[in-house]
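Structure record follows, encoded as structure tokens.
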Amino acid sequence: MLSVRPKVAELAFQLYGRALHPELFEVFKSREIERGDYTARVEITSAGHVVTWRYAGLTLTEVACSAQHSLPQKRRLMSYKLKGERNDGLECRGGVSYEVSFQLEPVTPEVFWTFQQELAHDGERQGLLHTFDSSGRMALGALSYINVETRSRGLLVQAFHTFPDDFAIVKTQSLFRLPK
């Protein structure tokens with residue numbers, strides 16, 4: 011199966027207060043996490059990632075995907091075009107909190123290829139890593155790397171998605187935190 015990324019200009023970041031149907035996404039790598047009172051599923055998808063986090067009947071689903079991807083609007087809590095830099099967060103019922111920081115960083119070709127090589131090298135040893143097929147314009151395909159840190163009171167997810175055709179890197183960091 012050919013796996014090529016969409017253009018970086020077509021990306022969106024969304025958060026839902028519910029789970030989304032798995033059929034909505036083409037998943038290349040995934041990891042299930044259980045720690046204390048919460049569970050999570052982290053997935054690398056064709057355009058980015060999906061993180062589904064559950065605690066005490068509450069579900070939060072973070073999605074980085076193509077803006078053209080037809081996703082439901084029901085219980086959508088955040089929706090942004092993935093451009094520039096943004097920080098946001100919200101408090102949920104029962105004292106659960108969610109914080110996110112993301113940025114789209116255009117870089118020089120030299121910086122891009124150095125970052126991509128380091129990501130490929132480090133990603134093989136830890137976290138989730140997927141190498142996409144080349145779009146044809148560049149010899150090498152894009153990479154997605156997700157590092158997950160589980161803590162007793164929360165989950166930290168750091169994701170990096172490269173876009174060789176645009177010499178751009180998408181970086182996201184999310185913290186799902188249990189009540190104090």
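With our numbering as the guide, the letters of the sequence shown map in order to residues 11 to 190. For glycine and all other residues, C-beta sits at the position ideal for the given N, C-alpha and C.
What first and last residue would you give for the beta strand (DSSP E) that runs through residue i?
i, result
"Val60", "His59 to Tyr65"
"Leu165", "Gly164 to Phe173"
"Val18", "Where Val18 is concerned, there is no enclosing beta strand (DSSP E), given that its DSSP letter is neither H nor E."
"Ala178", "Ala178 to Arg187"
"Arg41", "Val37 to Arg45"
"Pro116", "Ser107 to Pro116"
Would you mind stating whether residue i and residue j have Cβ atoms separated by less than 7 Å?
i, j, result
"Gly94", "Glu109", "no"
"Glu115", "Ile179", "yes"
"Gln183", "Ser80", "no"
At the level of alpha carbons, what is the spacing between residue i and residue j?
i, j, result
"Lys91", "Leu30", "19 Å"
"Leu185", "Glu101", "12 Å"
"Arg85", "Glu72", "12 Å"
"Leu2", "Gln113", "This structure gives no information on residue 2, because the portion of the chain shown stretches from 11 to 190."
"Ala77", "Gly27", "19 Å"
"Lys181", "Asp47", "28 Å"
"Tyr65", "Leu150", "39 Å"
"Glu33", "Asp132", "30 Å"
"Phe38", "Val61", "13 Å"
"Arg161", "Leu188", "10 Å"
"Ser89", "Lys17", "18 Å"
Short of 6 Å in beta carbon distance, which residues of its chain neighbour residue i, apart from the five on each side in sequence? Order them along the chain.
i, result
"Leu12", "Legend: pLDDT at Leu12 = 44, less than 50; position of this residue unreliable, no value from coordinates given."
"His171", "Gly58, Ser154 and Val180"
Which two residues bound the contiguous alpha helix (DSSP H) that contains residue i?
i, result
"Asp132", "Pro119 to Gly133"
Within the 7 Å Cβ cut-off, does residue i reach chain B?
i, result
"Ala77", "Going by chain labels, chain B is absent from the structure shown, which holds only one protein chain."
Spatial neighbours of residue i within its chain, please: C-beta separation below 7 Å, excluding the five flanking residues on both sides.
i, result
"Glu44", "none"
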